[in-house]
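Student: Under numbering that gives the first Met the number 0, think of the first position of the sequence shown as 0, with each following residue one higher. By construction, the Cβ of each residue, glycine as well, lies at the ideal position given by its N, Cα and C atoms. Quick one: this structure, given as structure tokens, is what I'll be asking you about.
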Amino acid sequence: MARSVLIRNGTIVTQDSGRRVLSGDVLVEGGIITEIGKVRGGADEEIDAMGAPVLPGLINTHCHVAMSIMKGMADDLPFNDFLDRVFAIDSDRQDKDLLAGSRLGCLELLTGGTTTFVDLYYSQDVIAQAVKEAGMCGVLCWAVLDQQFTTQSGVPLDNCKSFFSRFSEDRNIVPGIGLQGVYVCSEETFMGSRDFSDRTGALMTFHLSETRGEVYEHKEKTGKRPADWLSSIGFLNERCLAAHSAWLTIGEVRALAKAKASISSCPVSNMKLATGGVAPIPEMIREGVNVTVGTDGSTTNNSLDMFGEMKTLALLQKSSRWDPTVVKAQEALDFATVNAAKALGMQNEIGSIEVGKRADIVIMDGRSPTLRPISLENAVSNVVYSAGRGDVRSVLCFGEVVVRDRVPQNLDIGSVIEDGQRAMEAISANKA
Ligand SMILES: [Zn+2]
0 MARSVLIRNG TIVTQDSGRR VLSGDVLVEG GIITEIGKVR GGADEEIDAM GAPVLPGLIN
60 THCHVAMSIM KGMADDLPFN DFLDRVFAID SDRQDKDLLA GSRLGCLELL TGGTTTFVDL
120 YYSQDVIAQA VKEAGMCGVL CWAVLDQQFT TQSGVPLDNC KSFFSRFSED RNIVPGIGLQ
180 GVYVCSEETF MGSRDFSDRT GALMTFHLSE TRGEVYEHKE KTGKRPADWL SSIGFLNERC
240 LAAHSAWLTI GEVRALAKAK ASISSCPVSN MKLATGGVAP IPEMIREGVN VTVGTDGSTT
300 NNSLDMFGEM KTLALLQKSS RWDPTVVKAQ EALDFATVNA AKALGMQNEI GSIEVGKRAD
360 IVIMDGRSPT LRPISLENAV SNVVYSAGRG DVRSVLCFGE VVVRDRVPQN LDIGSVIEDG
420 QRAMEAISAN KA
């Protein structure tokens, strides 16, 4: 049984249906939020928020966490050279390198206020170990693609199914399906995944229309743009989470909305790779697509920083539309919290600070000048436009304090950094 924790004196950004911001306390008992407001009595542990924002744990909906040890190894390259370089590094990595990268990435996510993330990769059983050690929540989607394109042994979808059955009861792991994209997944692979998802409720995440080349090549091959094609084969539904979704027509946006699908916009990755497209977020919101936000991996961002991502998403939309009213601060925060929870089918568990929900909570730094002055009116704006992940002081996940006063409580920061360093040096030596 988790200890009880009382967070005192916070500016609570609840993200409840009224998007209320309240001054007060949050009581956590048995891993669950049991009281919000003026809480009488004590708890096993009390944390004084000193007036700082208290947020629901952020949810990063597109990541490749194991790539954290490849940070800075494939920068400033044209897209095809970038892919060749990453594939060359990635193809001969060992499980211990994956584990080192995943621990490093989990530490970066958690200390930056992200408590749940969606990951698309192979060997998710290795990544799961890091997630569990960190005490956070991973929605781990095993990479699925046609057998002819993979270095996985066996059939990727079968590997995914096996991973799913091994981890479906795990507290920290939500296993899912990670389709690589239309360029390496046939109709059979998509629909086989869809069948498995229909039976199990598994999330299906996939890269969609990240580059213009992908769209044109698919159109040449099938006569349809990728999202139109996915719609035509009957793949899209409410368990779909499409990453990037930058090069979409309004017809494709409507197809996603009709299917009740979600997207994960990755603005920093798109800008860094200069893939050109800007996801049509205002149209998605208008048509009813559920919009969320993700960092993508450490070779394309390169930081797993959800505060940076929320701000960049809002600014990119405003700038490209010549309209400061699109993607308001409240919407950007919604993408990273309640919308993301809905995309994962976890809206009753996470995404907001409400009685009965799981206690995934971020407590910002009450002494940070970045967040001051603060009021109930400007708190959301300060969080999105002014704060950075360096302003995260303490983090609860599953009701347990996993970061206390900036110190991770489960992973040993020294050995995570040392192992990550060693793994990076080993793969660099191989490629020299
Ligand atoms: Zn990706």
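(1) Just to confirm, is the Cβ distance from D24 to G36 under 8 angstroms?
(2) How would you label A127, buried or exposed, when you count the other beta carbons within 10 angstroms and need 16 or more for buried?
(3) Examine the Cβ distances between the region 86 to 96 and the region 265 to 274 and report whether three or more of them are shorter than 8 angstroms.
(4) Use the C-beta contact count for V406: other C-beta atoms within 10 angstroms, 16 or more gives buried, fewer gives exposed.
(5) When the Cα atoms are used, what is the spatial distance from F189 to F234?
(6) Helix, strand or coil for A340, going by three-state DSSP, please let me know.
(7) Is the region 371 to 380 touching the region 25 to 34 in the sense that three or more CB pairs, one from each, lie closer than 8 angstroms?
(8) How would you write the range of the beta strand (DSSP E) that F148 sits in, first residue to last?
(9) Give the DSSP bridge partners of V117, in chain order.
(10) DSSP three-state call for D74: helix, strand or coil?
(11) Under a Cβ-count criterion, where at least 16 other Cβ atoms within 10 Å of its own Cβ denotes burial, should Y120 be classed as buried or exposed?
(12) Is D295 near ligand 2, in the sense that its beta carbon is under 7 angstroms from a heavy atom of that ligand?
(13) According to DSSP, what are the bridge partners of D24?
(14) Shortest alpha-carbon distance to P55 belongs to which of V290, A278, E251 and I11?
(15) In or out: E44 buried (at least 16 other Cβ within 10 Å) or exposed?
(16) Considering C105, what are the terminal residues of the alpha helix (DSSP H) in which it resides?
(17) Report back the beta-carbon spacing between L386 and F306 to the nearest angstrom; my notes put them in contact at under 8 angstroms.
(18) Could you give the DSSP three-state label for P174: helix, strand or coil?
(19) Which of the three DSSP states, helix, strand or coil, is assigned to N377?
(20) Could you tell me which uninterrupted alpha helix (DSSP H) segments, each at least 4 residues in length, are contained entirely in the region 165 to 218, listed from first to last along the chain?
(21) Can you tell me whether DSSP reads T311 as helix, strand or coil?
(22) Taking just the CA atoms, how far does E308 sit from V292?
(23) Mapping DSSP to helix, strand and coil, what is I46?
(24) Opposite G9 in the DSSP bridges: which residues?
(25) Kindly indicate the opening and closing residues of the beta strand (DSSP E) around I262.
(26) Please determine if the region 185 to 201 and the region 161 to 177 are in contact, where contact requires at least 3 C-beta pairs separated by less than 8 angstroms.
(27) How many whole angstroms separate the CB atoms of L303 and G104, which I take to be in contact at a CB cut-off of 8 angstroms?
(28) Relative to the C-alpha of L98, which candidate in C396, F86, V277 and E132 has its C-alpha closest?
(29) In the DSSP output, what is A242 paired with across the bridge?
(30) Please confirm if the region 413 to 428 is in contact with the region 66 to 74, defined as three or more CB-CB distances below 8 angstroms between the two stretches.
(31) How long is the line joining the alpha carbons of R19 and Q329, rounded to whole angstroms?
(32) Return the residue from the list S367, M345, T369 and V290 that minimises the CA-CA distance to D359.
Tutor: Taking the structure as given:
(1) Working through the sequence shown from its first residue, we reach residue 24 at position 25. Working through the sequence shown from its first residue, we reach residue 36 at position 37. Yes, Cβ-Cβ distance for D24 and G36 is below 8 angstroms.
(2) Translated into positions along the sequence shown, residue 127 becomes position 128. Buried, since its Cβ has 16 or more Cβ neighbours within 10 Å.
(3) A contact between stretches requires three or more CB pairs, one per stretch, nearer than 8 angstroms, and the region 86 to 96 fails this requirement with the region 265 to 274.
(4) One-based indexing of the sequence shown puts residue 406 at position 407. When all chains shown are included, V406 counts as exposed.
(5) The residue labelled residue 189 in the question sits at position 190 within the sequence shown. The residue labelled residue 234 in the question sits at position 235 within the sequence shown. Going by C-alpha positions, F189 is about 7 angstroms away from F234.
(6) Translated into the one-based positions of the sequence shown, residue 340 becomes position 341. For A340, the three-state secondary structure derived from DSSP is helix.
(7) Judged by Cβ distances under 8 angstroms, the region 25 to 34 makes no contact with the region 371 to 380, as fewer than three pairs qualify.
(8) Against the sequence shown, residue 148 aligns to sequence position 149. Unbroken run through F148: none, as it is neither H nor E.
(9) In the sequence shown, residue 117 corresponds to position 118, counting from 1. V117 is bridged to V138.
(10) Translated into the one-based positions of the sequence shown, residue 74 becomes position 75. If DSSP states are grouped into helix, strand and coil, D74 belongs with coil.
(11) Counting from 1 along the sequence shown, the entry for residue 120 is found at position 121. Y120 comes out buried.
(12) Ligand 2 is not part of this structure, which contains only ligand 1.
(13) Here residue 24 refers to the residue found at position 25 when the sequence shown is read from its first residue. Looking at the DSSP assignment, D24 forms a beta bridge with G36.
(14) Translated into the one-based positions of the sequence shown, residue 55 becomes position 56. If we check each option's Cα against that of P55, I11 comes out closest.
(15) In the sequence shown, counting from the first residue as 1, residue 44 sits at position 45. Looking at its Cβ environment, which holds fewer than 16 other Cβ atoms inside 10 Å, E44 is exposed.
(16) For this step, residue 105 is matched to residue 106 along the sequence shown. Element bounds for C105: D94 to T110.
(17) Sequence index remark: in the sequence shown, residue 386 carries index 387 (1-based). Sequence index remark: in the sequence shown, residue 306 carries index 307 (1-based). In the sequence as presented, Leu is not what sits at residue 386; that position holds Ala. Contact holds; Cβ gap of about 6 angstroms.
(18) Working through the sequence shown from its first residue, we reach residue 174 at position 175. DSSP places P174 within a strand segment (E or B) once states are collapsed to three.
(19) Here residue 377 is taken as the residue at index 378 of the sequence shown, counted from 1. Residue state, collapsed to three classes: coil.
(20) Correct list: 186 to 199.
(21) Reading the sequence shown from its first residue, position 312 is the one you call residue 311. T311 falls in the helix class under three-state DSSP.
(22) Mapped onto the sequence shown, residue 292 falls at position 293. Mapped onto the sequence shown, residue 308 falls at position 309. Distance between the alpha carbons of V292 and E308 is about 7 angstroms.
(23) Residue mapping note: residue 46 aligns to position 47 of the sequence shown, counting from 1. In the structure shown, I46 sits in a strand (DSSP, three-state: E or B).
(24) Within the sequence shown, the letter at position 10 stands for residue 9. Beta-bridge pairing by DSSP links G9 to G23.
(25) The residue given as residue 262 occupies position 263 in the sequence shown. Going by DSSP, I262 is part of the beta strand (DSSP E) stretching over S261 to S264.
(26) Touching, per the Cβ criterion.
(27) Position 304 of the sequence shown, counted from the start, is the residue given in the question as residue 303. Position 105 of the sequence shown, counted from the start, is the residue given in the question as residue 104. Confirmed, about 6 angstroms.
(28) In the sequence shown, residue 98 corresponds to position 99, counting from 1. By alpha-carbon distance to L98, the top candidate from C396, F86, V277 and E132 is E132.
(29) Start at 1 with the first residue of the sequence shown, and residue 242 comes out as number 243. Answer is H206 and S263, bridged to A242.
(30) They touch, by the three-pair rule.
(31) Residue mapping note: residue 19 aligns to position 20 of the sequence shown, counting from 1. Residue mapping note: residue 329 aligns to position 330 of the sequence shown, counting from 1. Rounded to the nearest angstrom, the two C-alpha atoms are 11 angstroms apart.
(32) Position 360 of the sequence shown, counting from 1, holds the residue named residue 359. It is M345 whose Cα lies nearest to the Cα of D359.
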